[in-house]
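Scroll down for the structure; my scribbles are underneath it.
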Amino acid sequence: MSGFDPKHAFSLSGKVALVTGGGKGIGRGVALGMARSGARVHVLDRDLEAAEETAGLIVKEGMAAKAHRVDVGDEAEITAVMAAIASEGAIDILVNNAGLAIRKPSVDLSIADWDAVLKVNLTGVFLCARAAARHMIPNKTGAIVNLASIMGLSGGGLYPNISYQATKGAVVNLTRALAVEWAPFGVRVNAVAPTWVRTDFIKPLTDSPDLLARMNAMTPLGRIAEIDEVVGGIVYLASPAAAMVTGHTLAIDGGFLAQ
Numbered sequence: 108m109s110g111f112d113p114k115h116a117f118s119l120s121g122k123v124a125l126v127t128g129g130g131k132g133i134g135r136g137v138a139l140g141m142a143r144s145g146a147r148v149h150v151l152d153r154d155l156e157a158a159e160e161t162a163g164l165i166v167k168e169g170m171a172a173k174a175h176r177v178d179v180g181d182e183a184e185i186t187a188v189m190a191a192i193a194s195e196g197a198i199d200i201l202v203n204n205a206g207l208a209i210r211k212p213s214v215d216l217s218i219a220d221w222d223a224v225l226k227v228n229l230t231g232v233f234l235c236a237r238a239a240a241r242h243m244i245p246n247k248t249g250a251i252v253n254l255a256s257i258m259g260l261s262g263g264g265l266y267p268n269i270s271y272q273a274t275k276g277a278v279v280n281l282t283r284a285l286a287v288e289w290a291p292f293g294v295r296v297n298a299v300a301p302t303w304v305r306t307d308f309i310k311p312l313t314d315s316p317d318l319l320a321r322m323n324a325m326t327p328l329g330r331i332a333e334i335d336e337v338v339g340g341i342v343y344l345a346s347p348a349a350a351m352v353t354g355h356t357l358a359i360d361g362g363f364l365a366q
């Protein structure tokens, strides 16, 4: 008879979870989802006021959370905040959610814009994962979930977004490489690849009835995703239920990539 216990398998009780870009959008949803699953949450964001608002929502529900101001592209800031959090106990979960998109035709995209996106979407993911792993490896356990995108697994799209697509594709393989490197130490590394998600991040797109209709038409389920539909996959990958899952990118895309 199976010993599977869903209440334990999907619980994050007693875990410490860090969420970058947790001040709003998917990051806020993930922070709330982690807390509701039992984790003590640290909300990391360049916008401290937004991070504090997310932490406040968690505390208001009777759960534990702290806000931290950090630029994911700044190695010194990341090292310092990880050390401060680790001084209070283990770092069990990291969700690399912070992201940036500069949507311009490739021939018009400046190197400054290219570098800005790489700094957040790729270098920031690596720096945060590395800093967290330095605390996870001695404990022989840990779960890291990176935010990729369907645009990191497809060259298509409705608008030019080359730096975003390039970085999200790199995150997919960064996830694989770190998963293999850190597996001997019990640290799992996975990613999720969402479709378009209804957030302020893509509000300029969803505000266009034509673009929104085209997004829906390109998705077999016929609509874009809501934040909570992405949160579930992230909580799963961070939970004991995914104990044998590493190096995987989970598409949460309404069937977009199946076409």
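Sequential numbering of the sequence shown, starting at 108, is according to the numbering used here.
Even for Gly, the Cβ is constructed at its ideal location relative to N, Cα and C.
CA-to-CA, the gap between K131 and A158 works out to about 8 Å.
Under DSSP, K173 forms a beta bridge with H149. Every unbroken stretch of the alpha helix (DSSP H) spanning 4 or more residues and falling wholly within the segment 171–205 is given here in chain order: 182–193.
Straight through space, the alpha carbons of K310 and A284 are spaced by roughly 33 Å. CA-to-CA, the gap between A348 and V177 works out to about 30 Å. In this model, I334 and D199 are separated by some 23 Å (Cα to Cα). In this structure, DSSP gives L312 a helical state, which the three-state scheme calls helix. For the pair L216 and S120, the Cα-to-Cα distance works out to about 45 Å.
Judged by beta-carbon spacing, A240 lies beyond the 8 Å limit of T186, meaning their Cβ atoms are not closer than that value. Taken in chain order, the complete beta strand (DSSP E) segments of 3 residues or longer contained in the segment 334–359 are 356–359.
Non-local C-beta neighbours of A162 in its own chain, meaning closer than 7 Å and more than five positions away in sequence, comprise V150, A172, K173 and A174, ordered along the chain. Here DSSP, grouped into helix, strand and coil, assigns A250 to strand. For I165, same chain residues with a beta-carbon under 7 Å away, outside a window of 5 residues either side, are A138, L139, A142, V148 and A172 in chain order. A contact between stretches requires three or more CB pairs, one per stretch, nearer than 8 Å, and the segment 352–365 meets this requirement with the segment 293–301. Here DSSP, grouped into helix, strand and coil, assigns L328 to coil.
Following the DSSP letters along the chain, one finds A286 inside the alpha helix (DSSP H) bounded by residues I269 to W289. Taking 8 Å as the cut-off, the beta carbon of G180 is found no closer than this to the beta carbon of L254. L265: not part of any alpha helix (DSSP H); DSSP gives it neither H nor E. By the CB criterion at 8 Å, L265 and R305 fall outside the cutoff. Sixteen is the threshold: when 16 or more other Cβ atoms of the shown chains lie within 10 Å of the Cβ of H242, as they do, the residue is buried.
Boundaries of the beta strand (DSSP E) harbouring A298: V294 to P301, taken from the DSSP string.
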